[in-house]
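Undergrad:
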Amino acid sequence: MPISRPEQPVFRFAPSPNGFLHLGHALSAIINHDIAADSGGRFLLRIEDIDRTRCRPEFEAAILDDLAWLELEWEEPVRRQSDHLDLYASALEHLKAMRLVYPSAMTRGEIRAAVAASEAKGSAWPRDPDGTPLYPGRERGFRPDDQAAILASGRPYAWRLDMEEAVKRAGGSLSWQEKGFRGSGEYSQIADPAAWGDVVLSRSDAPSSYHLSVVVDDAVQGVTHIVRGRDLYHATSVHRLLQRLLELPEPVYHHHRLILGPDGRKLSKSNRDTGIAAFRAAGHGPADIRAMVLGEQ
Ligand code: GLU
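Each residue of the sequence shown is one higher than the one before, counting from 13 in the numbering used here.
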């Protein structure tokens, strides 16, 4: 793997192969690629295929094919998260040793029931920035033998971050530098990881979560600039917390606007009309896609 010069910026595009690329992905990939090229930086591609139930090799092949068709060039080898599970496992072990994670076993139904019971008494249950109710934290503070019983029960479980303790341990002033497009309009954003509650870092059926693997990989790959869609803006709070706890370097961030579908909603991988493949099939070229996604920037 080429070694970066210390001052050389490193960018990455990190799609999950759980569907086909759409215009929003094209925007992310093109911005990362172009800023890297303009700044003498490196452009890396990472396949985020931790979720084995949703990721498929044919999606990965289609992603590589669409990116090549868009005339983007990236460094080889492409990093595949499923090749590095041991690395995420050791980051989790580190957090276990710090006593910042706990095994949790409430099912979705149990969480729903706990939230409904509490809301029936009149107080709104806190929700994360995506609108999901925070985990009730039933097993937070369990003693080691009760934790061992969860792990030995044969039932599905998840390792969750004890958010309150983690925020305390991280110390004060957690923030990130948010850059504007092409460096203009930079500001410092205070991170608020507590808004997410006790996030999942690994599950019995998926060895690492997005949050854990993304911070480990960005550090291992020396990524200095994280450019991705605004849908991940608030997740950056969790990433900054994990970076602090795991003593990983702090990248700068740019969260670009999202491309919305005709219905005004965020594009989804299942929406065939805005898939890159549909534009290719309709006879558009890579320059047309560039104009479509960059035009309104
Ligand atoms: N794999 C994530 C996705 O496809 C993107 C992760 C990131 O850019 O941090 O949504």
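Ideal Cβ positions, reconstructed from N, Cα and C, are used throughout, including at glycine.
Just to confirm the assignment: which complete alpha helix (DSSP H) runs, minimum length 4, are found wholly within the stretch 224-253?
TA: Here no run is fully enclosed.
Undergrad: Using DSSP with H/G/I as helix, E/B as strand and the rest coil, what is residue 80?
TA: Of the three classes helix, strand and coil, the one that applies to residue 80 here is helix, per DSSP.
Undergrad: Using C-beta distances below 8 angstroms, list every residue in its chain close to residue 221, excluding the 5 sequence neighbours before and after it, in chain order.
TA: Closer than 8 angstroms at the Cβ level, and outside the excluded window around residue 221, lie 62, 211, 212, 213, 214 and 215.
Undergrad: Can you name the start and end residues of the alpha helix (DSSP H) that residue 106 belongs to?
TA: 97-109 is the extent of the alpha helix (DSSP H) around residue 106.
Undergrad: Pick from 169, 189 and 205: whose alpha carbon is nearest that of residue 177?
TA: Nearest option by C-alpha distance: 205.
Undergrad: Can you check which of these residues, 72, 33, 158 and 265, is closest to residue 248 by C-alpha distance?
TA: Residue 265 is the option with its Cα nearest to residue 248.
Undergrad: Let's see if you can read the secondary structure: which residues bound the alpha helix (DSSP H) around residue 39?
TA: First-last of the alpha helix (DSSP H) with residue 39: 35-50.
Undergrad: Residues near the ligand GLU, CB to any non-hydrogen atom under 7 angstroms, in chain order?
TA: With the cut-off at 7 angstroms, the residues found are 26, 27, 28, 60, 222, 226, 238, 240 and 244.
Undergrad: Could you tell me which of 59, 175 and 76 sits nearest to residue 114, measuring between CA atoms?
TA: The candidate whose alpha carbon is nearest that of residue 114 is 175.
Undergrad: Going by DSSP in three states, residue 168 sits in which element: helix, strand or coil?
TA: Coil at residue 168, not helix or strand.
Undergrad: Per DSSP, residue 268 is paired with what?
TA: BP columns for residue 268 point to 241.
Undergrad: Determine the direct distance from the alpha carbon of residue 150 to that of residue 279, and round the result to whole angstroms.
TA: When rounded, the distance between both Cα atoms is 35 angstroms.
Undergrad: Please report the straight-line C-alpha distance between residue 301 and residue 270, rounded to a whole angstrom.
TA: The alpha-carbon atoms of residue 301 and residue 270 are separated by roughly 15 angstroms.
Undergrad: Assess, as a yes-or-no matter, whether the stretch 42-62 is touched by the stretch 236-243 under the definition of 3 or more beta carbon pairs within less than 8 angstroms.
TA: Touching, per the Cβ criterion.
Undergrad: Taking DSSP's pairing of strands, which residues face residue 188 in a bridge?
TA: Partner(s): 201.
Undergrad: I think residue 306 touches residue 42, with their Cβ atoms under 8 angstroms apart; what is that distance to the nearest whole Å?
TA: Their Cβ separation, rounded to whole angstroms, is 7 angstroms, which keeps residue 306 and residue 42 in contact under 8 angstroms.
Undergrad: Three-state secondary structure (DSSP) at residue 305?
TA: Looking at residue 305 - three-state DSSP - the assignment turns out to be helix.
Undergrad: Can you tell me which of 217, 188 and 169 puts its alpha carbon nearest to the alpha carbon of residue 118?
TA: Closest by alpha carbon: 169.
Undergrad: Identify, in the order they occur along the chain, each residue of the same chain with its Cβ nearer than 7 angstroms to the Cβ of residue 199, setting aside the five sequence neighbours on each side.
TA: Excluding positions up to five away in sequence, the list reads 190.
Undergrad: Which same chain residues, not among the five before or five after residue 13, have their C-beta less than 6 angstroms away from its C-beta?
TA: Confidence at residue 13 is low in this model, with a pLDDT of 49, below 50, so the placement of that residue is unreliable and no value is reported for it.
Undergrad: Quick one: grab the DSSP three-state call for residue 173.
TA: Looking at residue 173 - three-state DSSP - the assignment turns out to be strand.
Undergrad: Taking 8 angstroms as the threshold (C-beta atoms), are residue 268 and residue 28 in contact?
TA: No, the Cβ-Cβ distance between residue 28 and residue 268 is not below 8 angstroms.
Undergrad: Looking at the strands, I want to know which residues DSSP matches up with residue 287.
TA: Answer is 34, bridged to residue 287.
Undergrad: To the nearest angstrom, report how far apart residue 23 and residue 86 are at their CA atoms.
TA: So the alpha carbons of these two residues sit roughly 10 angstroms apart.
Undergrad: How about residue 181 and residue 257: do their beta carbons lie closer than 8 angstroms?
TA: In contact: residue 181 and residue 257 (Cβ atoms closer than 8 angstroms).
Undergrad: My guess is that residue 20 and residue 229 are in contact by the Cβ rule of under 8 angstroms, so how many angstroms apart are they, rounded?
TA: Not really, about 18 angstroms apart at Cβ, beyond 8 angstroms.
Undergrad: What is the DSSP secondary structure of residue 299, reduced to helix, strand or coil?
TA: In this structure, residue 299 counts as helix in the three-state DSSP scheme.
Undergrad: So, is residue 231 buried or exposed, given that buried needs 16 or more other C-beta atoms within 10 angstroms?
TA: So residue 231 ends up on the buried side.
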